[in-house]
Structure formats: C-alpha cells, structure tokens
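Before any comments, here is the structure.
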Ligand SMILES: Cc1cc2nc3c(=O)[nH]c(=O)nc-3n(C[C@H](O)[C@H](O)[C@H](O)COP(=O)(O)OP(=O)(O)OC[C@H]3O[C@@H](n4cnc5c(N)ncnc54)[C@H](O)[C@@H]3O)c2cc1C
C-alpha cells in the first residue's frame, strides 16, 4: 500500500495543470467558477484546443486518437480538468458512443465518426430513455422496421440532454417486436436532421433548458447506421453504461466547489463576522470534506483495480461511486444555500451566451446557488438512479 | 388538551380550502403569475370578501379578532395552493406591525385599507449585511420638524415592488446592531426619494430592493415610540415564523400526497413503483417528517401569542429546526421518487420544493435556529 503518486505521475500532473492554466480560455473558466453553464460554443472551442494537443479523448485506444495513458494518468487528467475548473468533454460522444463505435462498429463507422467526436465536429445526444422506460430501460418501445436499405423509426425518446444542439443521436430501438425484453433491441445511429424528427425542449425545475423530448415519425435511417449486429444492442448498451466508472464520482468537481465555498464564506459577512468563523458552518464543511476524502480513496481503489479487470465488464463498486458522489455533490449545493443565506431568494434568468440577464439583488455570486441546489436533484436520478444503484449492489455484491 | 378546531375555525378552514380547491389549482396559478404584479388582483378581492384580510385584526379596528390558529388555518391552505398573493407581506407582517406598534388612530386609518383589500403593504426591514439579525438596521431616520427623514437601503423586501405603503425600520440612534434605537415609519411607496427595483424570487413570489433618499415621514405616520421598535419587530417575526411553518406544512403534505399518488400509478418493470419496498419506506419516512412538522407547527402556533419573548423565541426556533429538516427531506424525496419528471418545471412537486426551501431560508434556516436554541439552553431545563 502506498498513497503517493510516482515522480513520473507527479510530473504528469504538473504538465496537465500548466497546460490548463495556459490554454483554458479565461472567459470559460470564469463562467464555471461562477456556476454558470458553458455554452455550446464554449465547449466546441475548448474541445478543439484539447484535441489539437491530442487530449480530447485520451482514454481511447491510441490508434483512434487516445493518449496511451495509464488509468492513473487518466484519473489525474480528469481531476485536473475538474479542478481547473474546465468543462468536461461532451460525454455522449467521447465516453459513450465513441467507445461503442471503436469496439463494435465497422471500419467505415470508425473513420466517419471517431475523428468528428474528438474534434466536437459532431454533437452527439443519447437517446435511450423513453417516457415509459427509465429505470426499466429494456421496456423501451421505439421501433425500427427494416425496409430495404433503411430502417423506419417510430416512437419517442426523452430526457435527451443538450439534444437541442444535437447533430446525431445514438438510440436503442426495437428491431424484433416478437423477442423478449432485452433481446430484439438494436443500437442505431440517427442523424437528427432527418425529416420526421421533432425535438421539443423540457424546462427543468430551475427554469433552465438542458433536456428535450425527441419524437420519431416514420424516420428513414440508412441501414449502414446500425452498430454491430441487429438485436445485440442491449449488450452494447451494457458495455456503454459500464464504461463510465472513474468520472462518475466527480471528486475533483466537488473539491473545486468546496474551495469556492470556502473563499466566499471568508468574504461574506454576518454583520462584521465572516461566515467562515461560524463554527457550525465550518463543522459541516469539514464533515463533507471527510466524506469526500473517503470517496476519493474508494475511487482510487477502483482505478488501481482497473489493470486486473476484464475489459468492458462493469464493476459493481462503481455504484458506490455514483451513490456517494451524487450525495456529496448535492450536500455541497445545500451548504451553498447557507453561504448565500437570505440571498438565495432572488431569481435571475440565465442566457446561454450572455450569462445573467438582470442585475443581482445582493451578492452577484449567490445567483446560481438555489437553481443549482434544485437542479442537482438530477444527479441521484440520471445515469441509473441511486435506488437502482442500491439494487445493483444488493444483487451483485451482497448476493441478496 | 385539545387539538381540535372549534366550530368557527372549522367553517373558516372549509371556506379557505374550498376557495383554494376551486380557484387555485396548478394551472389557474400559472395564469395568476402573469398578472400585472405577479399575482391576481381578482383572487385578492376574493380574500377580502371571505374576510381573510381582516382576520387577525381586533374587532374594534374593523377586524375579526382572529389569532394564530386562524392564521395557521389560512396559511396551511395557501401552502397547498402555492398562493403568491401578498397575504404574508400585507396581513401577517405589516398587519402585525400595525397591531403591535401602531396607535388606535393609525390603526383606524390603515387597518380598513388592508381589510378591504384596497391597499398592499410591505415591511422594508432587511439589509444587505443583516443576514438573520433583526436588530441590524443601518437605515437612518433623522428628526425633521415634527416628523423624520429616511436615508438608506433595504433589501429583499417582499412585495416591495407592488406595495402601496411601506413600513420601514430605521435607526434613530445607536450602532448598527444595537437593539435599541430602531423606529418604524409608514410611508407612501411612491413618495419622493423612494426608489424600488422589483424582481422575481425562486418560488415565483416577488421582492424589491428599495432605497430612500431624504424621504419625508409625517409625525402621524411614525409607529410607536421611535427607538423602541425591536420588541414589536421580534413579536411580529415570531408570528410570521409560525405562519410560514403552517404554509410549509400545507405544501409538504400536498407534495407528499402527489408523490404517493405517483407511486401508485407509475409503472416500471411491469409493476407500480409503489410496490418496491424501498420506496414504500421512503414514502413513510416522508409522512413521519410531515406529521412531525405539523405537530411542531401547532406548538409554534399556540406559542405565537406568548407574552414572554424568550419562551416564544425558543418555540419559534424549535419549529424552524424541525421545519427545516422536514422540508428538505420531503422536498428532495418528492423529486427523487418522481424520477426525471421530478426535475421538470411542469410538475407541481418541484414548486413545493422551491417554495418550502425559501421558507426554510427565511428568518434563518434550521441550523441557524439550532444554534440559537442551544444558546438559549434548549427546550428542557436541566
Ligand atoms: C437531467 C436529466 C438528464 C438526463 N439525460 C438523459 C439523456 O441524455 N439520455 C437518456 O437516454 N436519458 C437521460 N436521462 C434519463 C434518466 O436516465 C432517467 O430519468 C432515469 O433512468 C430514471 O428513469 P425515470 O425518470 O423514468 O424514473 P423511474 O424509472 O420512473 O423512477 C421513478 C422512481 O422510482 C425508483 N425506482 C424505479 N425502479 C425501482 C426499483 N426497482 N427499486 C427501487 N426504486 C425504483 C427510481 O429510483 C425513482 O426514484 C436524464 C434524466 C435527467 C433527470
């Protein structure tokens, strides 16, 4: 057992940190620090800077543009990215459909899609969930009927994150209506500009727009857009969902938020006293820091175990990362309310490109705190709710 | 010992509940929010007709002589409806100040304006660095002939944007957080020197930042003895806390009801999600949280008229602690058990969550009151 990173790993961390310091556009960094959402253009700009350096998809195999890093290096990179803080790469391309394509796709698909993911030339969306198929994803009903060289797709997807910007959407569709649940599902790539597709925004609790409904009405999709074999889509989906292990805990992001709260709590006063001198507040912060440290260690254990694990096989321990990671992120947003105190109340609309639309009432920094608290209830719901994660642990780890 | 409502209180509850059920469903509310000042003047008139705006005032002043229990009944129902009309700012806060600080002549002038639904009042008290300290008043009131002149800035003034009259706390003497030296001044909100910037809050209520530049107050509009206002402010705040707790209970109970309903209808894995024991237990824990909140709210309500300020403060802090815990759990779990739809703007559950979060943060969140209560020695003497 050894807690320390090797000198090479530490040198690597320095290199990454320096690169972020020198190359992350200040306006993007400022947005993230203030809790505003990066725009599509921000993400495209930053992805292209990283891609030029060869760091947009470092976790991919080298022949497809990966950096050839060890799991520990990948972990360090991810953490530095969150600490910077910089936007994370659009996961739907880089962590979801990308690995599915280079693992199960054909040569043509790899050539066509992978470089465009790395450079964010193509904005991918994830079309898995449906109104009737959330936790029970295999209950999906959207159909794809073979018609010559095409599939005819009918149905509805929902909760499609950032689908308003989507060029392409990867979907799970039912190709064999007679087969039982998990069988008869295929993994189909669909151009979102195809006629018959309608994207409708869903407003979230905080007033924002990040999710959408996507309707398919006799949409003709070229058969060459099928990934792998017909009716094997569920296997690819399981591979995809099991792939995202390390980032899921968002330890770096939580560290960055705590740092921010500490700075604000040192500035914000209750009369003459800085808030950080309130012992109850400080204890609550410290308690979260302890939980976060334990989670970081759990995460490092998962990273270290990576080398011995069968590729593409989900690690049920990642469910711990999801549960604790989401709880800690939510607890931090709750503590942020306390920093703002009565100034959580005023609402300010945020526009994608210009930040806040109106002047603040009270401190400028307080504006995103309540919306983020409300919005972050999502992190224990999406990507497999915490209840589902507990079911996984109960079954796969405890054998119950 | 009796937790039942009397005949009159039952009638009050029936009529308010009916009004909210008939006129204030989630869709109707959306239309009210589009009203000129973010609420419905028509609903406001109906409150007046029902006598709700006259409720807490003494009969001698043209009111119905209602007490904290009557206010609890109204606020709980308003919580269920997510009512955005300025009842809290006008009747509970400003009305409370008129009851506890104004002279008979002043009450004779202003109470009928509230009771008849003609004028909106707001209490301009909070300031930028006050947080939850009620004695934090920097705004100055300087003697000017018979009257006073106000200078300073007030923040987060509930319904300050649409109010016709403002009751302003201002310092006649002493340092910023001294308990003594605070006065209450009633002014026309459109008086020269008053600048207001209104905005919407997270829960669709509205507030304003208000500044005062040499605003004149005539002698007849000085409430009580300038310098002694803190007692009245604290008393009204305690009544306000009890009222808000009742509103939170109404909202929580409805949010819980809708969530349980959803558990019975939403299907996944071929069964209703309410058949999963993990979710059944969660719904039960929420229920316990609602009932604990309801109980402590009754306690706070019955203590709201307590004359001993220290005992009253203890009760209000206790209530805020429990309400804070309950609204967080019930709000968060209402969203969680709805899954994705829980985080949408379309669903009422999210709006209960937001309103109750704001209630938690008003006059100090649960943790603030836990500290305050522990500093007062808790509830049980050694
Ligand atoms: C902000 C946001 C972004 C999203 N982005 C995307 C996206 O880009 N693409 C995409 O395809 N999907 C996306 N999703 C969908 C997400 O994956 C689903 O919301 C999630 O799987 C839950 O499904 P549901 O919403 O239908 O809830 P339900 O499955 O109906 O769950 C309702 C409640 O029941 C609980 N529950 C369900 N089954 C069980 C069980 N067996 N035992 C115990 N409890 C159970 C759940 O935990 C939850 O509390 C997103 C969701 C959100 C909120």
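Chains as they are written, first to last, in this note's numbering: chain A, 1 to 400; chain B, 1001 to 1382. Ideal Cβ positions, reconstructed from N, Cα and C, are used throughout, including at glycine. Every value quoted in this text rests on a predicted model; they were computed, and no experiment measured them.
- Cα separation between residue 205 of chain A and residue 1213 of chain B? Along the first chain, one-based indexing puts residue 205 of chain A at 205. Along the second chain, one-based indexing puts residue 1213 of chain B at 213. Taking the straight line from one Cα to the other gives about 39 Å.
- Query: Alpha carbon to alpha carbon, how far is residue 307 of chain A from residue 40 of chain A?
  - Reply: The count along the first chain starts at 1 and reaches residue 307 of chain A at position 307. The count along the first chain starts at 1 and reaches residue 40 of chain A at position 40. Computed Cα separation, rounded: 35 Å.
- Ranges of the alpha helix (DSSP H) found wholly within the region 92-157 of chain A, counting only runs of at least 4: 98-104, 107-118
- Task: Select from A:258, A:13, A:17, A:235 the residue whose C-alpha is nearest the C-alpha of residue 138 of chain A.
- Result: Counting from 1 along the first chain, the entry for residue 138 of chain A is found at position 138. When only C-alpha atoms are compared, the closest one is A:235.
- Message: So with CB distances below 7 Å, who are the chain B contacts of residue 277 of chain A?
- Response: Here residue 277 of chain A corresponds to residue number 277 of the first chain, with the count starting at 1. Going along chain B, no residue has its Cβ under 7 Å from residue 277 of chain A, so there is no contact; the nearest lies around 13 Å.
- Task: Report yes if the C-beta distance between residue 1254 of chain B and residue 1075 of chain B is below 9 Å; otherwise report no.
- Result: On the second chain, residue 1254 of chain B is found 254 positions in, with the first residue counted as 1. On the second chain, residue 1075 of chain B is found 75 positions in, with the first residue counted as 1. In this structure, residue 1254 of chain B keeps its C-beta atom at 9 Å or more from the C-beta atom of residue 1075 of chain B.
- Query: Mind checking if residue 135 of chain A is an interface residue toward chain B, Cβ cutoff 9 Å exclusive?
  - Reply: By 1-based counting over the first chain, the position of residue 135 of chain A is 135. Answer yes: the Cβ-Cβ gap between residue 135 of chain A and chain B drops below 9 Å somewhere.
- Task: Please check if any C-beta of chain A sits within less than 9 Å of the C-beta of residue 1173 of chain B.
- Result: Stepping through the second chain from its first residue, residue 1173 of chain B is reached at position 173. Output row for residue 1173 of chain B: interface = no.
- What number of angstroms, rounded off, separates the C-alpha of residue 152 of chain A from the C-alpha of residue 228 of chain A? What you label residue 152 of chain A is simply residue 152 of the first chain in a count that begins at 1. What you label residue 228 of chain A is simply residue 228 of the first chain in a count that begins at 1. Between residue 152 of chain A and residue 228 of chain A, the C-alpha separation is close to 18 Å.
- Which residue from B:1338, B:1165, B:1359, B:1269 puts its Cα closest to that of residue 1261 of chain B? Locating residue 1261 of chain B in the second chain gives position 261, where the first residue counts as 1. Residue 1261 of chain B has its Cα closest to that of B:1338, out of B:1338, B:1165, B:1359, B:1269.
- At what residues does the alpha helix (DSSP H) containing residue 1270 of chain B begin and finish? Translated into the one-based positions of the second chain, residue 1270 of chain B becomes position 270. Premise fails: residue 1270 of chain B is in no alpha helix (DSSP H) and is neither H nor E.
- Task: Using beta-carbon positions only, say whether residue 1008 of chain B and residue 1039 of chain B come within less than 9 Å of one another.
- Result: Along the second chain, read from residue 1 onward, the residue named residue 1008 of chain B stands at position 8. Along the second chain, read from residue 1 onward, the residue named residue 1039 of chain B stands at position 39. No, Cβ-Cβ distance for residue 1008 of chain B and residue 1039 of chain B is not below 9 Å.
- Is it true that the CB of residue 98 of chain A sits closer than 9 Å to the CB of residue 481 of chain A? Nothing in the structure corresponds to residue 481 of chain A, since chain A is present only between 1 and 400.
- Could you confirm whether any beta carbon from chain B is found closer than 9 Å to the beta carbon of residue 473 of chain A? Because chain A in this structure spans residues 1 to 400, residue 473 of chain A falls outside the shown range and cannot be described.
- Query: Got a sec: does ligand 1 put a non-hydrogen atom nearer than 8 Å to the Cβ of residue 126 of chain A?
  - Reply: As a first step, residue 126 of chain A must be located in the first chain, where it is residue number 126. Under cutoff, so the answer is yes.
- Item | Delimiting residues of the beta strand (DSSP E) encompassing residue 1167 of chain B | The residue you call residue 1167 of chain B lines up with position 167 of the second chain. Per DSSP, residue 1167 of chain B belongs to the beta strand (DSSP E) from 1165-1171.
- Task: Using 8 Å as the cut-off, classify the Cβ of residue 382 of chain A as near or not near the heavy atoms of ligand 1, replying yes or no.
- Result: As a first step, residue 382 of chain A must be located in the first chain, where it is residue number 382. Yes, ligand 1 has a heavy atom inside 8 Å of this Cβ.
- Query: Do we get a CB-CB distance below 9 Å when we pair residue 174 of chain A with the residues of chain B?
  - Reply: Counting from one through the first chain, the residue named residue 174 of chain A turns up at place 174. No - not a single Cβ of chain B is within 9 Å of the one on residue 174 of chain A.
- Message: So for residue 1218 of chain B, helix, strand or coil by DSSP?
- Response: Taking the first residue of the second chain as 1, we reach residue 1218 of chain B at position 218. Three-state result, residue 1218 of chain B: coil.
- Item | Close Cβ partners of residue 76 of chain A (< 8 Å) along its chain, the five nearest in sequence each way excluded | Indexing the first chain from 1 puts residue 76 of chain A at position 76. Excluding positions up to five away in sequence, the list reads 5, 9, 12, 13, 16.
- Inter-residue spacing [alpha-carbon to alpha-carbon] between residue 1356 of chain B and residue 374 of chain A: Here residue 1356 of chain B corresponds to residue number 356 of the second chain, with the count starting at 1. Here residue 374 of chain A corresponds to residue number 374 of the first chain, with the count starting at 1. Between residue 1356 of chain B and residue 374 of chain A, the C-alpha separation is close to 12 Å.
- Query: Quick one, are the C-beta atoms of residue 175 of chain A and residue 143 of chain A less than 9 Å apart?
  - Reply: Position 175 of the first chain, counted from the start, is the residue given in the question as residue 175 of chain A. Position 143 of the first chain, counted from the start, is the residue given in the question as residue 143 of chain A. Result yes, Cβ atoms of residue 175 of chain A and residue 143 of chain A sit closer than 9 Å.
- Would residue 177 of chain A be called buried (16 or more neighbouring beta carbons within 10 Å of its own) or exposed? For the purposes of this step, residue 177 of chain A is taken as the residue at position 177 of the first chain. By the neighbour-count rule (16 or more Cβ atoms within 10 Å), residue 177 of chain A is not buried but exposed.
- Item | heavy atom of ligand 1 below 8 Å from residue 243 of chain A C-beta | Within the first chain, numbered from 1, the residue matching residue 243 of chain A stands at position 243. No, the Cβ of residue 243 of chain A stays beyond 8 Å of every heavy atom of ligand 1.
- Who are the Cβ neighbours of residue 1132 of chain B in its own chain at under 8 Å, not counting the five residues just before and after it? Taking the first residue of the second chain as position 1, residue 1132 of chain B is located at position 132. Only 1363, 1364, 1368 meet the Cβ criterion.
- Quick one: list the residues of chain B neighbouring residue 347 of chain A, beta-carbon separation under 9 Å, in chain order. By one-based count along the first chain, residue 347 of chain A stands at place 347. Neighbours of residue 347 of chain A on chain B, chain order: 1199, 1200, 1201, 1202, 1203, 1204.
- C-beta contact flag for residue 1169 of chain B and residue 1124 of chain B at 9 Å: Within the second chain, numbered from 1, the residue matching residue 1169 of chain B stands at position 169. Within the second chain, numbered from 1, the residue matching residue 1124 of chain B stands at position 124. For residue 1169 of chain B and residue 1124 of chain B, yes; Cβs fall inside 9 Å.
- Option in A:221, A:126, A:334, A:19 with minimal Cα separation from residue 154 of chain A: For this step, residue 154 of chain A is matched to residue 154 along the first chain. If we check each option's Cα against that of residue 154 of chain A, A:221 comes out closest.
- Task: Enumerate in chain order the residues of its own chain whose CB-to-CB distance from residue 338 of chain A is below 7 Å, with the five nearest sequence positions on each side excluded.
- Result: For the purposes of this step, residue 338 of chain A is identified with residue 338 of the first chain, where counting begins at 1. So the list reads 281, once near-sequence residues are dropped.
- Task: Starting from residue 1344 of chain B, find everything on chain A with Cβ-Cβ shorter than 9 Å and list it in chain order.
- Result: Position 344 of the second chain, counted from the start, is the residue given in the question as residue 1344 of chain B. Those within 9 Å of residue 1344 of chain B in chain A are 202, 203, 204, 205, 211.
- The beta strand (DSSP E) enclosing residue 221 of chain A, as first and last residue numbers: If you number the first chain from 1, residue 221 of chain A lands on position 221. 209-222 is the span of the beta strand (DSSP E), which, as asked, contains residue 221 of chain A.
- Query: In whole angstroms, what is the alpha-carbon distance linking residue 1375 of chain B and residue 1320 of chain B?
  - Reply: Along the second chain, one-based indexing puts residue 1375 of chain B at 375. Along the second chain, one-based indexing puts residue 1320 of chain B at 320. Using only the alpha carbons, I get a separation of about 15 Å.
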